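In the working numbering, the protein residues as written are 16 to 251.
Following: one structure in structure tokens, then a few remarks.
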């Protein structure tokens, strides 16, 4: 585990990622607003446009609910939730030192702001406006770029959490700097490098010889040295 001194030193070495967060959010907001403006201007009285053999359909739907047309009768509630999410992200940004978290929160901030602008400025009224959805896939609700940005942010947040990466760029205790999401065992555990059981069979490899202290040793012929013969010969 990192000591408080090491953690403070690491934060000083890591620059804040607020600019990256705001840059990603601005890109998502611009793409969402421009795409919705084009769709509203061109598709108001136009039949749906089928592309890629019907895999992608460009259409126009007014959605009073949340992402993917969920909760269409709770427009004001979702507006308040979006405001709360934006305020929380902006407050968290002052402690942000991780590039991954900056991208994830930027995607979330841009998606929430893009749909919030629709709820504020579009019909039928302020903070009750319907969101413009225009992307349709087979067997999937109609959505927009802001919804896609929110989903991508959620996926990235899950990946960062699995890798133990925190907002300040450090890793949670028990995680290495590698890509493995599994906690690392303590290096102080006393583990023997040898297996607990011998890989060799306990039975004698020579079944014809009875077991004994020399049962595992092959019966090689002993060398007949001249010195042995001279010692064994009787003296005249």
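From the three backbone atoms N, C-alpha and C, an ideal C-beta is built for every residue, glycine too.
If you're wondering where the values come from, they're calculated on a predicted model, not measured in any experiment.
Assuming residue i is part of the alpha helix (DSSP H), what are its boundary residues?
i: residue 130; result: 114-136
i: residue 100; result: 90-107
i: residue 57; result: 33-58
Assuming residue i contacts residue j (C-beta within less than 8 angstroms), just tell me the rounded distance between them.
i: residue 73; j: residue 157; result: So it is not a contact: roughly 10 angstroms between Cβ atoms.
i: residue 125; j: residue 133; result: So it is not a contact: roughly 13 angstroms between Cβ atoms.
i: residue 175; j: residue 119; result: 7 angstroms
i: residue 148; j: residue 78; result: 5 angstroms
i: residue 108; j: residue 131; result: So it is not a contact: roughly 17 angstroms between Cβ atoms.
i: residue 164; j: residue 43; result: 5 angstroms
Helix, strand or coil: which one does DSSP assign to residue i?
i: residue 66; result: strand
i: residue 173; result: helix
i: residue 181; result: coil
i: residue 168; result: helix
Just the C-alpha distance for residue i and residue j, rounded to the nearest angstrom, thanks.
i: residue 189; j: residue 122; result: 28 angstroms
i: residue 48; j: residue 129; result: 7 angstroms
i: residue 127; j: residue 39; result: 13 angstroms
i: residue 32; j: residue 61; result: 43 angstroms
i: residue 201; j: residue 179; result: Confidence in residue 201 is poor, its pLDDT being 49 and thus under 50, which makes the residue's placement unreliable; the coordinate value appears in the next sentence. Approximately 16 angstroms, taken between the alpha carbons.
i: residue 136; j: residue 146; result: 10 angstroms
i: residue 166; j: residue 151; result: 15 angstroms
i: residue 52; j: residue 187; result: 43 angstroms
i: residue 110; j: residue 46; result: 27 angstroms
i: residue 35; j: residue 114; result: 8 angstroms
i: residue 21; j: residue 91; result: Confidence at residue 21 is low in this model, with a pLDDT of 46, below 50, so its placement is unreliable and the value that follows should be read with caution. Answer to the nearest angstrom: the Cα atoms are 46 angstroms apart.
i: residue 71; j: residue 159; result: 12 angstroms
i: residue 100; j: residue 106; result: 10 angstroms
i: residue 37; j: residue 141; result: 25 angstroms
i: residue 30; j: residue 112; result: 6 angstroms
Using a Cβ-Cβ distance under 9 angstroms, would residue i count as near chain D?
i: residue 101; result: This model lacks chain D altogether; it includes just one protein chain.
Based on DSSP bridge pairs, tell me the residues matched to residue i.
i: residue 158; result: 150
i: residue 72; result: 65 and 151
i: residue 78; result: 146
From what residue to what residue does the beta strand (DSSP E) around residue i run?
i: residue 185; result: No beta strand (DSSP E) holds residue 185; DSSP gives it neither H nor E.
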